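Heads up: the structure comes next, in structure tokens.
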Amino acid sequence: GQNIDQPTEMTATEGAIVQINCTYQTSGFNGLFWYQQHAGEAPTFLSYNVLDGLEEKGRFSSFLSRSKGYSYLLLKELQMKDSASYLCAVQLPNAGKSTFGDGTTLTVKP
Amino acid sequence: GAVVSQHPSWVICKSGTSVKIECRSLDFQATTMFWYRQFPKQSLMLMATSNEGSKATYEQGVEKDKFLINHASLTLSTLTVTSAHPEDSSFYICSARAVMAGGPQETQYFGPGTRLLVL
Numbered sequence: 208g209q210n211i212d213q214p215t216e217m218t219a220t221e222g223a224i225v226q227i228n229c230t231y232q233t234s235g236f237n238g239l240f241w242y243q244q245h246a247g248e249a250p251t252f253l254s255y256n257v258l259d260g261l262e263e264k265g266r267f268s269s270f271l272s273r274s275k276g277y278s279y280l281l282l283k284e285l286q287m288k289d290s291a292s293y294l295c296a297v298q299l300p301n302a303g304k305s306t307f308g309d310g311t312t313l314t315v316k317p
Numbered sequence: 002g003a004v005v006s007q008h009p010s011w012v013i014c015k016s017g018t019s020v021k022i023e024c025r026s027l028d029f030q031a032t033t034m035f036w037y038r039q040f041p042k043q044s045l046m047l048m049a050t051s052n053e054g055s056k057a058t059y060e061q062g063v064e065k066d067k068f069l070i071n072h073a074s075l076t077l078s079t080l081t082v083t084s085a086h087p088e089d090s091s092f093y094i095c096s097a098r099a100v101m102a103g104g105p106q107e108t109q110y111f112g113p114g115t116r117l118l119v120l
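Those sequence lines, one after another, are chains A and B. For reference, each letter of the first sequence is one residue, going 208 to 317 in the working numbering. For reference, each letter of the second sequence is one residue, going 2 to 120 in the working numbering.
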């Protein structure tokens with residue numbers, strides 16, 4: 208089966224930096240997605256990593272190590288609106304479907 | 002960015018009725034769409050992969066005769082929940098697979114979701 212692990216909950220302070228880790232063991236690998244999901248809403252795309260390394264996009268950065276089965280999402284200069292669930296998803300080679308982790312609920316406090 | 006719409010955004014129905022949910026990619030063609038279900042405080046569970054012009058591929062444990070999927074065109078996929086029961090109440094979300102010129106190598110864009118409540 209597919210196994211994706213990420214912490215259930217994290218708390219951080221406004222203006223700080225937080226790193227959300229994701230480890231995976233899957234039967235195949237095309238790439239890794241990070242999504243943000245606010246309560247009651249559908250997920251929104253944050254990043255897609257295929258190659259090892261860090262990709263930066265504004266306040267958000269995503270890192271991938273394929274050999275270690277490891278990724279993280281780095282959020283800088285946290286804002287209250289960043290309070291949400293962050294989903295790590297591995298895209299499998301078969302038909303491009305993705306398997307999702309359970310998500311990390313991030314709470315940003317003043 | 003790419004836009005995916007879903008209709009309706011929410012629906013309440015009586016047990017035993019059927020409900021159709023539409024998923025449209027508004028500004029790109031999606032040969033593949035995915036249907037997910039999400040229960041409160043849980044992650045997304047893939048139900049099926051919908052490919053234009055062919056039969057959908059269902060995940061293990063998902064009844065294909067209960068959740069009918071039709072991908073009639075490159076911009077439209079529909080999910081019909083047949084003979085809905087209260088345990089089918091959930092948040093149904095579609096996503097469309099896209100490879101955009103000049104953008105990320107690949108991504109999936111999610112629709113806004115459909116909340117189904119079966120009484």
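All C-beta atoms in this analysis are idealised placements derived from N, C-alpha and C, irrespective of residue type, glycine included. Small disclaimer: the values here were computed from a predicted structure and weren't measured.
Step through the CB atoms of chain B and report whether any lies within less than 8 Å of the CB of A/K316. To locate residue 316 of chain A, count along the first sequence from 1; it is residue 109. It does not; no Cβ of chain B falls within 8 Å.
Taking C-alpha atoms, which residue in A/E221, A/E284, A/Q209 and A/I227 lies nearest to A/T312? Against the first sequence, residue 312 of chain A aligns to sequence position 105. It is A/I227.
Against chain A, which members of the segment 68-95 of chain B pass a CB distance test of less than 7 Å? I94
Inter-residue CB distance, B/T115 and B/S10 (contact presumed, cutoff 8 Å): The residue given as residue 115 of chain B occupies position 114 in the second sequence. The residue given as residue 10 of chain B occupies position 9 in the second sequence. Right, their Cβ atoms sit about 6 Å apart.
Cα separation between B/E64 and B/D89? Translated into the one-based positions of the second sequence, residue 64 of chain B becomes position 63. Translated into the one-based positions of the second sequence, residue 89 of chain B becomes position 88. Using only the alpha carbons, I get a separation of about 12 Å.
Between A/S305 and chain B, is any beta-carbon pair separated by less than 8 Å? Within the first sequence, numbered from 1, the residue matching residue 305 of chain A stands at position 98. Output row for A/S305: interface = yes.
B/H72, enclosing beta strand (DSSP E) - first and last residue: Looking up residue 72 of chain B in the second sequence gives position 71. Looking at the DSSP string, the run of the beta strand (DSSP E) that includes B/H72 is F68 to S74.
Could you give the DSSP three-state label for B/D89: helix, strand or coil? Your numbering for residue 89 of chain B matches position 88 in the second sequence. DSSP places B/D89 in helix when its eight states are reduced to three.
Note down, in chain order, all residues in the segment 253-284 of chain A with a beta-carbon under 7 Å from any beta-carbon belonging to chain B. Y255 and V257
Residues of chain A with a CB under 8 Å from the CB of B/S44: which are they? The residue labelled residue 44 of chain B in the question sits at position 43 within the second sequence. Within 8 Å Cβ-Cβ: L294, F307, G308, D309 and G310.
I'd like the list of long-range same chain contacts for B/Y59, defined as Cβ closer than 6 Å, with 5 residues on each side in sequence excluded. The sequence position of residue 59 of chain B within the second sequence is 58, counting from 1. Contacts found: A49 and K65.
Among the residues of its own chain, which have a CB less than 6 Å from the CB of B/S16, if the five just before and after it don't count? As a first step, residue 16 of chain B must be located in the second sequence, where it is residue number 15. Taken in chain order, the residues that qualify are H86 and V119.
For A/K316, the three-state DSSP class (helix, strand or coil): Here residue 316 of chain A corresponds to residue number 109 of the first sequence, with the count starting at 1. Here A/K316 sits in strand by DSSP.
Check each candidate in A/L282, A/K283 and A/I211 and name the one with the smallest Cα separation from A/L239. For the purposes of this step, residue 239 of chain A is taken as residue 32 along the first sequence, with counting starting at 1. Nearest option by C-alpha distance: A/I211.
Checking contacts by CB at 8 Å: is B/G114 closer than that to chain A? Reading the second sequence from its first residue, position 113 is the one you call residue 114 of chain B. Judged by the 8 Å Cβ criterion, B/G114 is in contact with chain A.
Under 8 Å from the C-beta of B/Y110: neighbouring residues of chain A: For the purposes of this step, residue 110 of chain B is taken as the residue at position 109 of the second sequence. Residues of chain A passing the Cβ test: F252.
To the nearest angstrom, how far is it from the Cα of A/T233 to the Cα of B/L47? Walking along the first sequence from the start, residue 233 of chain A turns up at place 26. Walking along the second sequence from the start, residue 47 of chain B turns up at place 46. A/T233 and B/L47: Cα-Cα distance of roughly 15 Å.
Terminal residues of the beta strand (DSSP E) in which B/K21 lies: Indexing the second sequence from 1 puts residue 21 of chain B at position 20. Note, B/K21: beta strand (DSSP E), V20 to S26.
Please classify B/I22 as buried or exposed, where buried requires at least 16 other C-beta atoms within 10 Å of its C-beta. Indexing the second sequence from 1 puts residue 22 of chain B at position 21. Flag for B/I22 reads buried.
Could you tell me whether any Cβ in chain A is nearer than 8 Å to the Cβ of B/F35? Within the second sequence, residue 35 of chain B is the residue found at index 34, counting from 1. Closer than 8 Å: yes.
Taking Cβ positions only, does A/A291 come closer than 8 Å to chain B? On the first sequence, position 84 is the one that residue 291 of chain A refers to. Answer no: the Cβ-Cβ gap between A/A291 and chain B never drops below 8 Å.
Quick check on the burial criterion: 16 or more other C-beta atoms within 10 angstroms. Buried or exposed for A/L261? Mapped onto the first sequence, residue 261 of chain A falls at position 54. Exposed, since its Cβ has fewer than 16 Cβ neighbours within 10 Å.
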